[in-house]
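Just so it is clear: in the sequence shown, position 113 is 112 by numbering that gives the first Met the number 0, and no numbers are missing.
Note that the Cβ used here is the ideal one computed from N, Cα and C, for glycine as well.
All values reported here derive from a predicted model rather than from experimental measurement.
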Amino acid sequence: MFSQFPMDRGSRIVAEKLIIQRMKVVLGIDIGGTNTELGLVDKDGHILAESHTKTLINQPVENYLKELKKAMRSLLESRGDCELVGVGIGAPNGNYYKGTIDNAVNLGWGPKVPLIDLLKASFSVDTWALTNDANAAAVGEMIFGGAKGMKDFIMVTLGTGLGSGIVANGQLVLGYDSFAGELGHITAVPGGRDCGCGYKGCLETYCSATGLVRTATELLAVKRIASPLRDIPYNKLTSRDIYDAAIAGDEIATEAFNFTGEVLGRSIADMMTFSSPQAIILFGGVAKAGDLLINPLKASLKIHQRSMFSGRELEIKVSELDGAKAAILGAAATAWQLVK
0 MFSQFPMDRG
10 SRIVAEKLII
20 QRMKVVLGID
30 IGGTNTELGL
40 VDKDGHILAE
50 SHTKTLINQP
60 VENYLKELKK
70 AMRSLLESRG
80 DCELVGVGIG
90 APNGNYYKGT
100 IDNAVNLGWG
110 PKVPLIDLLK
120 ASFSVDTWAL
130 TNDANAAAVG
140 EMIFGGAKGM
150 KDFIMVTLGT
160 GLGSGIVANG
170 QLVLGYDSFA
180 GELGHITAVP
190 GGRDCGCGYK
200 GCLETYCSAT
210 GLVRTATELL
220 AVKRIASPLR
230 DIPYNKLTSR
240 DIYDAAIAGD
250 EIATEAFNFT
260 GEVLGRSIAD
270 MMTFSSPQAI
280 ILFGGVAKAG
290 DLLINPLKAS
300 LKIHQRSMFS
310 GRELEIKVSE
320 LDGAKAAILG
330 AAATAWQLVK
């Protein structure tokens with residue numbers, strides 16, 4: 000019933016058309032360590048409305064869910080011209096198969112949170128999807144970004160850590176338990192730097208914002224040359240500082256990027272052997288360094304690329320997604336894949 004008052008035939012037809020013409024959207028949600036970003040995304044990847052809420056870490060998850068549901072309802076109410084057809088969520092340790100967040104120690108919500116089940120009860124939506132943030136980024140790139148039309152590529156996210164999403168034959172590779180693609184924890188340097196996973200020499204300890212800072216710090220300790228980086232306290236040094244110094248021609252900063260690119264290129268040569276991708280797509284703050292990173296990466300890849308790939312040049316691309324919106328788009332794209 001369109002109204003509590005009687006409607007003539009013409010008014011009823013107009014009302015019916017308005018309902019039919021409501022735009023179908025998916026709600027994309029990215030759960031980060033500080034904030035949770037939300038956005039209503041149409042089929043073409045346009046974000047029609049956005050909001051955010053605090054991610055209440057190290058508190059009972061019920062406290063967070065109360066605030067998240069409030070933010071979801073408020074965002075939906077802000078666009079009464081939209082029809083919600085799905086919800087996609089990107090989260091640390093998101094389990095695609097089970098709709099749970101498993102052992103996300105940085106969130107502090109316990110060993111397993113049945114997130115989809117806890118949200119479903121409050122929203123009448125048929126399509127729900129949950130995955131980890133790197134997989135969401137890969138799907139977002141495939142549907143809305145520079146990987147459109149590609150069936151085989153690897154998304155490598157270079158942020159605080161190193162994440163990855165593997166697409167083969169047009170399908171995201173999830174593995175037996177939904178946690179395939181943790182390429183940040185392949186061994187880059189045997190017996191190398193300590194990693195938060197408990198192992199040594201993992202790729203993310205060298206090729207991430209944190210890894211870049213560790214490299215620059217080590218170089219500052221062994222090289223007796225002037226550098227503006229010496230004026231920055233160790234615990235304040237950032238990958239952006241290193242980028243700015245490299246752009247200005249600083250030798251230490253440039254060598255830090257060269258080393259990072261060399262290690263990443265060697266590891267990408269290894270990645271080629273198990274999935275033979277058309278492209279590697281780089282995303283995240285470190286990827287924005289452009290040629291400072293990509294030139295040494297390509298040089299290293301050329302040296303370490305296996306003979307079976309001789310003559311084939313692997314595409315190395317930087318993500319075309321807007322960094323500020325990519326997490327929302329990736330989460331929404333995961334749900335759009337399932338909408339019928």
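Please state if the CB of C206 and the CB of L263 are separated by a distance shorter than 8 Å.
-> yes
Pick out whichever of L281, K339, L320, G260 has its Cα sitting closest to the Cα of H303.
-> G260
How is H303 classed by DSSP in three states: helix, strand or coil?
-> helix
Residue interval of the alpha helix (DSSP H) (run including L228) = First-last for L228: undefined, no H or E at that position.
Buried or exposed (CB count within 10 angstroms, at least 16 for buried), V112 | buried
Can the beta-carbon of V24 be found closer than 8 Å to that of L55?
-> No; because the gap between Cβ atoms is not below 8 Å, this pair is not in contact.
Shortest alpha-carbon distance to L320 belongs to which of L313, T130, G329?
-> It is G329.
Residues bridged to S163 by DSSP?
-> V155
Would you give the residue range spanned by the beta strand (DSSP E) that L83 belongs to?
-> 81-89
Straight-line CA distance for T99 to L114?
-> About 5 Å.
Beta-carbon separation of G180 and K150 under 8 Å?
-> no
L296 beta carbon less than 8 Å from that of I315 = yes
Can you tell me which of the three DSSP states N105 falls into?
-> coil
Would you identify the three-state DSSP class for D249, choosing helix, strand or coil?
-> Looking at D249 - three-state DSSP - the assignment turns out to be coil, as it is neither helix nor strand.
Are three or more beta carbon pairs between the stretch 216-229 and the stretch 263-278 nearer than 8 Å?
-> no
Whole alpha helix (DSSP H) runs in the stretch 35-88 with 4 or more residues, listed along the chain?
-> List check, alpha helix (DSSP H) in window: 60-77.
Using CA coordinates, which residue listed in N234, Y95, A136, A103 is at the minimum distance from D116?
-> Nearest C-alpha to D116: Y95.
Spell out the partners DSSP gives R94 in its beta bridges.
-> In the sequence as presented, Arg is not what sits at residue 94; that position holds Asn. Bridge partners of N94: T99.
Simplified DSSP state of E384, which is helix, strand or coil = Outside the displayed span of the chain (0 to 339) sits residue 384, for which this structure offers no information.
Determine the closest residue to K346 out of G210, K119, T126, with distance taken between C-alpha atoms.
-> Nothing about residue 346 can be read from this structure; the chain reaches only from 0 to 339.
Using 10 angstroms around the beta-carbon of P189, count the other beta-carbons present and answer buried if the total reaches 16, otherwise exposed.
-> By the 16-neighbour rule on beta-carbons within 10 angstroms, P189 is exposed.
Of all the alpha helix (DSSP H) runs that stay within the bounds of the stretch 258-331, which reach a length of 4 or more residues?
-> 290-303
Is DSSP giving T130 helix, strand or coil here?
-> strand
Go to K23, then tell me how far its beta strand (DSSP E) extends in each direction, as first and last residue.
-> 22-30
Contacting residues, own chain, Cβ-Cβ under 7 Å from L337 (five flanking each side not counted) = G85, T126, A128
Hey, how far is the Cα of M307 from the Cα of F152?
-> 18 Å
What is the DSSP secondary structure of L211, reduced to helix, strand or coil?
-> helix
Should V212 go down as buried or exposed, given a rule of 16 or more other Cβ atoms within 10 Å for buried?
-> buried
Could you give the distance in angstroms between the alpha-carbon of F258 and the alpha-carbon of T214?
-> 8 Å
Residues bridged to D193 by DSSP?
-> K199
Rounded C-alpha distance that separates S299 from K97 | Spanning the two alpha carbons is a distance of roughly 39 Å.
Run of the alpha helix (DSSP H) containing K339, from where it starts to where it stops = Here K339 belongs to no alpha helix (DSSP H), and DSSP marks it neither H nor E.
Assuming G283 contacts L182 under a Cβ cut-off of 8 Å, what Cβ separation, rounded to an integer in Å, is found between them?
-> At roughly 14 Å, the Cβ-Cβ gap does not stay under 8 Å, so G283 and L182 are not in contact.
Where T186 sits in the DSSP three-state scheme | T186 carries a strand assignment under DSSP once its states are collapsed to helix, strand and coil.
For D132, count neighbouring Cβ atoms within 10 angstroms of its own Cβ and tell me buried if that reaches 16, exposed if not.
-> buried
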